[in-house]
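Worksheet: the structure to be examined is printed underneath.
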Amino acid sequence: EVQLVESGGALVQPGGSLRLSCAASGFTFSTYEMNWVRQAPGKGLEWISYISGSATPIYYADSVKGRFTISRDNAKNSLYLQMNSLRAEDTAVYYCARRGRYIKAFDYWGQGTLVTVSS
Amino acid sequence: DIQLTQSPSFLSASVGDRVTITCRASQGISSYLAWHQQKPGKAPKLLIYDASTLQTGVPSRFSGSGSGTEFTLTISSLQPEDFATYYCQQVNSYPPFTFGPGTKVDIK
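Quick mapping for you: the protein sequence lines, in order, are chains A and B. Quick note on the numbering used here: the first sequence kicks off at 12 and runs consecutively. Quick note on the numbering used here: the second sequence kicks off at 6 and runs consecutively.
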């Protein structure tokens with residue numbers, strides 16, 4: 012069974028940093044493209060970052076470019092999001108999502124982890 | 006970047022109703038459109054990919070159609086568990102992987 016479990020969400024002050032993790036199981040992690048998607052309270056879904064199975068290429072949404080860094084450790088079946096220079100508008104539930112190998116859509120999602128940026 | 010719009014943004018319907026949601030892309034995306042369902046407090050769930058292919062385990066009352074710039078999601082007979090927010094997403098031209106703004110389906 013495919014499982015994606017995010018962790019690392021917390022309350023952080025503006026300008027602070029946080030690292031999110033996504034533990035994957037039930038599939039060959041290294042062969043799948045992965046993404047981070049966020050959802051601000053009461054708002055819609057916003058894609059923020061993509062990483063291929065080999066970690067190249069990597070893409071970011073303009074809203075996080077230069078502040079967030081996506082990475083993966085295929086040996087640990089884990090996806091990460093390093094978030095720096097956090098702003099109030101980064102407050103959201105952050106989901107990791109797998110992109111299917113043959114289904115090009117995002118076919119599995121984690122349960123999400125809440126990041127709150129506030130003083 | 007490709008923009009997606011959805012209509013309506015909110016829909017009030019009764020159990021048993023036929024419901025149709027439209028997603029329009031700012032430029033052609035072939036059939037590379039997905040539909041996700043999200044219930045309150047839960048993660049999104051893939052319903053349909055490639056515009057019209059049902060994800061494994063999704064009830065057959067859900068269907069999708071369209072190509073190019075106009076797409077529809079239809080629920081043939083709305084069930085209590087279908088009250089949720091539905092998002093379209095394009096996966097043709099990226100980055101970014103754009104989502105539509107969502108359509109909330111509520112109980113009349």
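Where is the CB? At the ideal position from N, CA and C, for every residue including glycine.
Coil, strand or helix - residue i by DSSP
i                 : result
Asp55 of chain B  : coil
Ser28 of chain A  : coil
Glu75 of chain B  : strand
Pro19 of chain B  : Looking at the sequence shown, residue 19 of chain B is not Pro but Ser. In this structure, Ser19 of chain B counts as coil in the three-state DSSP scheme.
Asn88 of chain A  : coil
Glu12 of chain A  : coil
Phe40 of chain A  : helix
Asp118 of chain A : strand
Ala99 of chain A  : helix
Asp87 of chain B  : helix
Gly106 of chain A : Note that residue 106 of chain A is Tyr in the sequence shown, not Gly. DSSP places Tyr106 of chain A in strand when its eight states are reduced to three.
Min CB distance residue i to chain B below 8 angstroms
i                 : result
Asp118 of chain A : yes
Trp47 of chain A  : no
Tyr43 of chain A  : no
Ala35 of chain A  : no
Residue of the options minimising C-alpha distance to residue i
i                : options                             : result
Met94 of chain A : A:Gln24, A:Ser28, A:Ala103          : A:Ser28
Ile62 of chain A : A:Arg112, A:Gly55, A:Arg83, A:Lys87 : A:Arg83
Leu90 of chain A : A:Arg98, A:Ala99, A:Thr80, A:Leu97  : A:Thr80
Ser57 of chain B : B:His41, B:Gly46, B:Lys47           : B:His41
Val24 of chain B : B:Thr79, B:Pro101, B:Gly71, B:Ala48 : B:Thr79
Ser65 of chain B : B:Ile53, B:Thr74, B:Gly73           : B:Ile53
Glu75 of chain B : B:Ser36, B:Phe102, B:Phe88, B:Ala18 : B:Ser36
Gly73 of chain B : B:Leu16, B:Pro85, B:Ile26, B:Ser31  : B:Ser31
Ala66 of chain A : A:Glu44, A:Ala108, A:Leu31          : A:Glu44
Ala39 of chain B : B:Ile26, B:Lys47, B:Pro45           : B:Ile26
Leu51 of chain B : A:Ser129, A:Leu125, A:Gly121        : A:Gly121
CB contact flag (residue i, residue j, <8 angstroms)
i                 : j                 : result
Ile7 of chain B   : Gln95 of chain B  : yes
Leu83 of chain B  : Gly33 of chain B  : no
Tyr105 of chain A : Arg49 of chain A  : yes
Ala51 of chain A  : Thr102 of chain A : yes
Gly107 of chain B : Thr90 of chain B  : yes
Minimum Cβ-Cβ distance from residue i to chain A less than 8 angstroms
i                 : result
Pro190 of chain B : The first residue shown for chain B is 6 and the last is 113, placing residue 190 of chain B beyond what the model contains.
Leu59 of chain B  : no
Ala56 of chain B  : no
Leu78 of chain B  : no
Leu9 of chain B   : no
Pro5 of chain B   : Residue 5 of chain B cannot be examined here, being either before or after the span of chain B that is shown, 6 to 113.
Positions along the region 93-109 of chain B whose CB lies within less than 9 angstroms of some CB in chain A: Gln94, Val96, Asn97, Tyr99, Pro100, Pro101, Phe102, Thr103, Phe104, Gly105, Pro106, Gly107
Between the region 13-43 of chain B and chain A, which residues of the former have CB atoms less than 7 angstroms from a CB of the latter, in chain order? Tyr37, Ala39
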